[in-house]
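Here's the structure we're looking at; comments come further down.
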Amino acid sequence: MRSDTGQVFRLEDYRPSDYLIPLTHLDFDLSPEATLVTAELTFERRAGVADTAPVVLDGDGLELVGLAIDGKPAKPGDFEATPDLLTVKPPRAKRFVLTIGTRLSPQTNTQLMGLYRSNGVYCTQCEAEGFRRITYFLDRPDILSIYSVRMEAPKKDAPLLLSNGNPGAHGDLDGERHYAEWNDPFPKPSYLFALVAGDLGSIRSHFVTKSGRRVELGIFVEHGKEARAVYAMDALKRSMCWDEEKFGREYDLDVFNIVAVSDFNMGAMENKGLNVFNDKYVLADEETATDADYANIEAVIAHEYFHNWTGNRITCRDWFQLCLKEGLTVFRDHEFSADQRSRAVKRIAEVRTLRAHQFPEDQGPLAHPVRPRRYREINNFYTATVYEKGSEVVRMVSTILGEDAFRRGMDLYFERHDGEAATVEDFLKVFEDVSGQDLSQFSLWYNQAGTPNLTVKTSHDPASAELILDIEQSVPPTPNESRKRLMHIPLAFGLVGSNGHDAAYTSAEGATVENGVIHIRKRRHQVRFGGFPQRPVVSLNRGFSAPITLSVQQRSEDRIFLARHDDDLYSRWQALNTLFTDALIAASRQKRGGKTPKFNAGTIALAGAIAEDETLEPAYRALALALPGEADIAREIGSNIDPDAIFEAREALVSAIAAANGETFAELYEKLSDKAPFSPDAANAGRRALRNVLLDYLSAGGDPTRAADQYRTATNMTDRAGALTVLAHRHGGSKVSTAALTAFEKHYGPDPLVMDKWFMIQATVPGPETVESVAALMEHKRFSIANPNRVRALVGTFAIANQTGFNRRDGAGYRLFGETVLKVEKRNPQVAARLATALRSWRSFEPERQEQARIVLAGIASTPGLSADLRDIVERTLA
Ligand code: TRP
Ligand code: ZN
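With this note's numbering applied, the sequence shown covers 51 to 929.
Laid out in structure tokens, this is it:
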């Protein structure tokens, strides 16, 4: 484990390196505990750099076994090597070759960075700084090099030998060994290097690009799981097609390979021509995967594929620019999924995710700008802010410019920066150049942390027939940024007439108003719309045009009206969601005060009306009926949170809705129970989603029969897991629930990805006893502290998605969590640090829980020998 140097990296310290590495040749002699790597690196001194400037290369835990300079063994005085640094006295010549030998032990590499083994398969993960665990290098993204790779291994252990680029020579060697060569003609940064060697099954296909080039496609999975890769292959081809159509981007190599591995720190990795995936984002069939899994696979396959242009062909100058590839690529995968499925449903899901993950980050101790200015550990900046808010910022560029100019800007970006390591400034400049707009105020979205708030007061003046909006913006302070500047916020809106449709205004003053968007640029705007003898209902932030919070005084009748009639489907959902949230906040106050919550009959009836509304697709109705989660309600309350009161308030609303709409729900549930052959498409998935939401309402009264029936008759994992969730959460301890959990375990025990669902369902059982059951499950033979997916499914889910269990008043949840984080850290600091972020909202709880959380955080912070990754998170969380 690399110890914490305490070093802080700053954006303003960026400096080009003294040397370039135009060519990189790597030779791997693979063996579990003694892999030999020979790196032949061609260096070139940059113009103007003194020929005495030392070559200083990054390493991380390396063992140097050989060094030659221009082919001659280096003499002791010519270099200095530590596990983390290699400094070489340069030859006089401008261009020279260093040949570096290192010895690695992939088998014992538990950090899953660099070269490691997963189920006996050799694989690599180099982003962000894993390449330096393979060889000494200028391991920074602005060093673009052309790579050639040769690897050899025993044929039996590794019949498959893959790397980036196009395949070259391969053949047999003495002693049952073989070799393969790979050449990648596109210069790339070291973080995109990949190698895979092992014994895997595969499915193959091909794709013909729009200019007629044939690309061989392969997806490699564990033997026996080939059929479960078919959906991923289909998603890949649809992604390739979509990128040609929507962005004019063609694939550029002769092959594109995807490998699924079961030990992986994150979701997937976009290595050039050789994407490596967490197997949960590849493998799916109806028996083992839910509709949500299918949707995630489609999105992640697309995301990694799209990186080929946004990330690989144009990469990042430095890691501060991470959002340049990640935010943009998330935007692209969001648009892809919106086009493949239902745009409104996709948008609502995105907003829910952003609010659930990015808002708490932005509103807590770990807040940072989309483009951070400083970091201690870059691994800790693969965040919801960089990815999801980063995507929202790109979406705003598109909103501000309009679709056509946005596309022209993207075309210019690809044309101008192909083959370069670019910056956020480069990105914004292309949009300024194509549109003539000034985006300097807009660029604050990249540089300033915190979620802006708009407070809006509406009034109507019948005399002047004006609708008046008084809008005020504020940005709350965040760590190290107490004073905030005013932002450019594109606020999409509609003024809805009594007929339920948008009414046209005859004049607009007080702000630039264009194409349905009010451009907020000042602290205060009074925007006056003429042409309204009758008061219209105001619909704001349509489509979630800006990632902000809104405080609008609006009557419930207006909200109910918007929920029924707004032309913008996202805003209809938002209106309903606000009604529910307000009701739940009020109810949780009542619960805390020992009172019985009362709910507005109009809101309750609305739920029934929406469930039945056949003009809305089932997936949409499912989202509308899914109440705000406990964490959503807690976030809206903001401080002094009592999760038990929130839970009870939410249960009360579920019961009230179920009681008032029981018959409607039951009829609809039956109607949706068709037994047509399974298809994972969005329409069918939507029907299953609605049916599962209804099942939850229908089970709120305490009768497990329907859920038990659904469990028994389920023919796909969505229905089965949906039923099991209701049984375990609503009827826990009952005979049927216990029987179902046992049956599931027995049937799916050998399938780790399916067992993750079993762990997740039990980790999210509400109530105080779940702490003990999670502790017991950690001893289960199917659990493993060494596998990130298992840890995240059981412990991560418990911490993120179990408000009452994790935040148990006596702190037992936090203590179990803290101990687990430290256990995980011993093997894998990156996964431990990410896990630990689940404590980031600790200060928003009531004092007793805060104190319990603080003790656990302080305990972690005072643990000797803490990794840089975990120390960074814990210290910022406590600050
Ligand atoms: N670049 C990857 C993506 O978003 C994610 C990634 C970054 C990653 N660092 C990683 C994946 C480390 C695995 C391990 O597509
Ligand atoms: Zn990415």
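Yeah, the Cβ is synthetic: ideal placement off N, Cα and C, and Gly gets one too.
Cys176 sits buried, since 16 or more C-beta atoms from the chains shown fall within 10 Å of its C-beta. In this structure Ser195 is buried. Its beta-carbon is surrounded by 16 or more other beta-carbon atoms within 10 angstroms. When the five nearest sequence neighbours on each side are left out, the beta carbons in the same chain lying within less than 6 angstroms of the beta carbon of Asp608 are those of Val587, in order along the chain. In the three-state scheme derived from DSSP, where H, G and I count as helix and E and B as strand, Thr92 is classed as strand. Between the alpha carbons of Ala790 and Phe386 lies a gap of roughly 37 angstroms. In this structure, Thr379 has its CB closer than 8 angstroms to one or more heavy atoms of ligand 2. C-alpha of Leu774 to C-alpha of Lys330: approximately 20 angstroms in a straight line.
Going by beta carbons, Pro217 and Val309 fall outside the 9 angstroms limit. If you draw a straight line from the Cα of Leu242 to the Cα of Ser834, it is about 29 angstroms long. Counting of Cβ neighbours within 10 angstroms places Arg578 among the buried residues, the total reaching 16 or more.
Each residue's CA atom was taken as its position, placing Phe327 and Gly268 some 13 angstroms apart. With contacts defined as CB atoms closer than 9 angstroms, Ala613 and Leu626 qualify as a contacting pair.
DSSP places Leu666 outside both helix and strand once states are collapsed to three, so it counts as coil. Here the distance from the Cβ of Phe314 to the nearest heavy atom of ligand 1 is below 8 angstroms. The three-state secondary structure of Ser834, taken from DSSP, is coil. Taking C-beta atoms as the reference points, Val525 and Leu541 fail to come closer than 9 angstroms. In the three-state reduction of the DSSP assignment, Ser514 falls in the coil class, being assigned neither a helical nor a strand state.
Beta-carbon to beta-carbon, Val824 and Phe848 are separated by about 5 angstroms, close enough to satisfy the 8 angstroms threshold. Set against 8 angstroms, the gap from the CB of Gln175 to the closest heavy atom of ligand 1 is smaller.
Contact between the segment 253-270 and the segment 229-236 is not established, with fewer than three Cβ pairs separated by less than 8 angstroms. Of the residues assessed, Asn549 falls on the exposed side of the cut-off, its CB having fewer than 16 other CB atoms within 10 angstroms. In this chain, the beta strand (DSSP E) harbouring Trp232 covers Arg227 to Lys238. For the options Met201, Trp369 and Asn430, the alpha carbon positioned closest to that of Asp63 is the one of Trp369. For the pair Glu376 and Ala285, the CB atoms are not nearer than the 9 angstroms cut-off. DSSP places Cys176 in no beta strand (DSSP E); its state is neither H nor E. Short of 7 angstroms from the beta carbon of Pro410, and not among the five residues preceding or following it, lie these beta carbons of its own chain, in chain order: Arg685, Arg890 and Ser891. Under the three-state reduction of DSSP output, Glu869 falls in the helix class.
Per the C-alpha coordinates, the member of Leu148, Ala143, Asp110 and Asp134 positioned closest to Lys122 is Leu148.
DSSP, read as helix, strand or coil, puts Asn766 in coil. It is roughly 7 angstroms from the alpha-carbon of Ala561 to the alpha-carbon of Ile570. In the DSSP assignment, Asp77 forms a beta bridge with Thr88 and Arg200. Under the 8 angstroms Cβ criterion, the segment 870-887 counts as touching the segment 420-430, having at least three qualifying pairs.
The Cβ atoms of Met290 and Tyr301 sit closer than 9 angstroms to each other. Taking the C-beta atoms as reference points, Asn362 is found no nearer than 9 angstroms to Arg299. Using a Cβ-Cβ distance cut-off of 8 angstroms, the segment 113-127 and the segment 196-205 are not in contact, since fewer than three pairs of beta carbons, one from each stretch, lie closer than that value.
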